[in-house]
Structures are given as C-alpha cells and as structure tokens.
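Under our numbering, the letters of the sequence shown match residues 115 to 387, in that order.
For glycine and all other residues, C-beta sits at the position ideal for the given N, C-alpha and C.
To start, the structure itself, in structure tokens.
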Amino acid sequence: MNKWEHIKQYQHFGAYVFMALPNQKHNGVAGGYHNSFNSGDELQTWLTKHPDYQNGNIGIDLSKSNLVVVDIDKHKHNGLKSIGAWFKAHTINPETIQDTYVERTATGGLHAFYLIPNGKIKPKNVINVINGVDVLSDTAITVAPSVIDDEQYRAITPFETIQQAPEWVYKLSEYQNNTNTPSNQRKSRYTNLERWLMVKNGFEMGQRNDQAMSLAGYLFALDVDASSIYDILQITNERSNEPLPERELTAIYMSARKREERKRVRINSYGRD
115 MNKWEHIKQY
125 QHFGAYVFMA
135 LPNQKHNGVA
145 GGYHNSFNSG
155 DELQTWLTKH
165 PDYQNGNIGI
175 DLSKSNLVVV
185 DIDKHKHNGL
195 KSIGAWFKAH
205 TINPETIQDT
215 YVERTATGGL
225 HAFYLIPNGK
235 IKPKNVINVI
245 NGVDVLSDTA
255 ITVAPSVIDD
265 EQYRAITPFE
275 TIQQAPEWVY
285 KLSEYQNNTN
295 TPSNQRKSRY
305 TNLERWLMVK
315 NGFEMGQRND
325 QAMSLAGYLF
335 ALDVDASSIY
345 DILQITNERS
355 NEPLPERELT
365 AIYMSARKRE
375 ERKRVRINSY
385 GRD
C-alpha cells in the first residue's frame, strides 16, 4: 500500500491528515499540525502551495479527528511491561490491544488506534499516564508509512480491525494512582462540551479562574484568532453571575497565551513518536 492509499483510509475513518517534511515529524508552516485535512482534494491543494512536503511523512491531527491513540513506548521506557501490569491489575485481557488497528513506530513502540463514536466525548489526552504509556486525543502523531532515520512506521494488524474505544481506554486516561505523575499536577477538569456551556452560561462561582483558563487554552489549541479568544472570554465573563474583574481576566488570557505558545514550539519542533 502506498502513501496515498494510507491517507485515503485514514481520512475515510474521520482522520485529519497533515504532511511533515521528509524524515521529520512536524509541519513547519504557520499553524503546524493543524494544517490538516479530512479531504484528499484539500490536502492536495495544500501540497501544491507547499511542494517541499509532497514527498514527506504523514501525521494525524488528533485534536480534529474522531480518534484516540494509546501510545506504548519501547524506546525510553518499557511501556509494554507497564500496560501489561495495568491490565493485570484491572483484570483486563492483555491481548485486547491486538483487537484493533496497531502500528509499530520508528523507535519500536506501538500505536493502538480507536474510533470515537459520534456524540461521545473523547478520553483525556494524558502523557505518561503510566510509565511509558500515553493516551493521545488532542495532539499530533506520525503514522505509517512515514520514515524517520531509515526506520519505518508500519501496520502490524489490518486497518479494517480498528475498534471503537473500549471502556478501559477511558479508565486508563482517568487513572489516578500513577506514581510517575506528582499528585498535585494540574489536569484538565473540563470536557469540550462543558467549555462551550461556559460560553453559553458564563463562569461558575468558585471555578471562574479555572474555567476561564481552561476555555482560553482550549480555544488557543483550536487555532482561534488571539483577539477573538479574548472577545469570547469577555462575552463569557459578562454572562457570569459575578464576572471576574477585567484585569484578572486579562491576566488569565495572557497566561494561557504564553503557555500555548511554549507548547506549540515544543510540538512543532519534536512532534510525537
């Protein structure tokens, strides 16, 4: 199967595909991996404007796609051992990982792909939820048949076997007994639906700062124009029973903007395995 056949099958199942440079994981054009398309024609149109990417690697923008990926690392950590122990502790058959579409990464790890049914919320995007294992739902990944340093990403199960995300994937993303993550590390507390309900109803007393930061970070991740994000925050704040002071809202906005800028620099520079 050639690259374009892979792209077609990914897009057929709802994936938004982006192009990376040859031997690279990232898209260096403004917008980074958000230069992604669910249509082959739209992707080809983009490539005519950016011919350097014509023969490059391919990736999937999970933030737009109805997919979640369990990333099991074998390069830096023994993720297979970690998830095997986690399966055993939760009485889950470890062979379940083979029931869906799985790719081998260039560094020897595994990507297990799962579909998100329409109307169902995605599992959280959690890095190192257990040692060497990530749950990826809001970032970018490199996919087959990309090549990094002469090592190829390749399918090890048929694509047609891709499954809907089982409950254990959600349970893994919410796993609380992770000794690799400090107990006081801040995690996302709000779903995308809850964020849009904030816009409709305003911020809630006792959660105004957290909700404003969460909404701002979400909008930055969607590549919404910066001035529009501030306008949305102001509108949401005005709909609150007790709005935040203007200077406090501005400080939250600037903090979210700086955090997103740092995040994009890291992702565009290194991408995902």
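Residue i, DSSP secondary structure in three states
i                 : result
valine 313        : helix
phenylalanine 127 : coil
aspartate 264     : coil
asparagine 242    : strand
glutamine 321     : coil
tyrosine 215      : strand
aspartate 337     : coil
glutamine 348     : helix
methionine 133    : strand
threonine 256     : strand
valine 143        : coil
leucine 329       : helix
alanine 226       : strand
Spatial distance of residue i from residue j (CA atoms)
i                 : j              : result
glycine 331       : aspartate 252  : 12 Å
tyrosine 124      : asparagine 355 : 45 Å
glutamine 138     : glutamate 352  : 45 Å
threonine 210     : serine 153     : 31 Å
phenylalanine 334 : aspartate 248  : 22 Å
tyrosine 215      : aspartate 185  : 12 Å
glutamine 277     : leucine 181    : 10 Å
isoleucine 230    : serine 342     : 29 Å
proline 136       : leucine 286    : 34 Å
glycine 142       : alanine 134    : 8 Å
lysine 314        : tyrosine 147   : 29 Å
serine 179        : leucine 157    : 15 Å
proline 272       : glutamate 217  : 9 Å
Cβ neighbour criterion (16 or more within 10 Å) applied to residue i
i              : result
aspartate 187  : buried
glutamine 388  : Here the chain has residues from 115 to 387 only, and residue 388 is not among them.
methionine 368 : exposed
asparagine 171 : buried
asparagine 232 : exposed
arginine 361   : exposed
methionine 115 : exposed
leucine 336    : exposed
tryptophan 310 : exposed
glutamate 281  : exposed
histidine 426  : Lying outside 115 to 387, the shown extent of the chain, residue 426 is not represented and no answer is given.
glutamate 119  : exposed
glycine 222    : exposed
isoleucine 121 : buried
Cβ pair residue i, residue j closer than 8 Å
i             : j              : result
histidine 225 : isoleucine 255 : yes
threonine 350 : glycine 316    : yes
alanine 220   : isoleucine 262 : yes
lysine 238    : glutamate 288  : yes
valine 395    : isoleucine 174 : Nothing about residue 395 can be reported from this structure: the residues present for the chain run from 115 to 387 only.
serine 150    : tyrosine 130   : yes
Contact test: residue i Cβ vs the ligand GDP heavy atom, cutoff 7 Å
i           : result
alanine 279 : In terms of ligand content, the structure shown is empty, and the ligand GDP therefore cannot be addressed.
Along the chain, which unbroken stretches of the beta strand (DSSP E) at least 3 residues long are found entirely within the stretch 153-218? Runs found: 172-175, 181-186 and 215-218.
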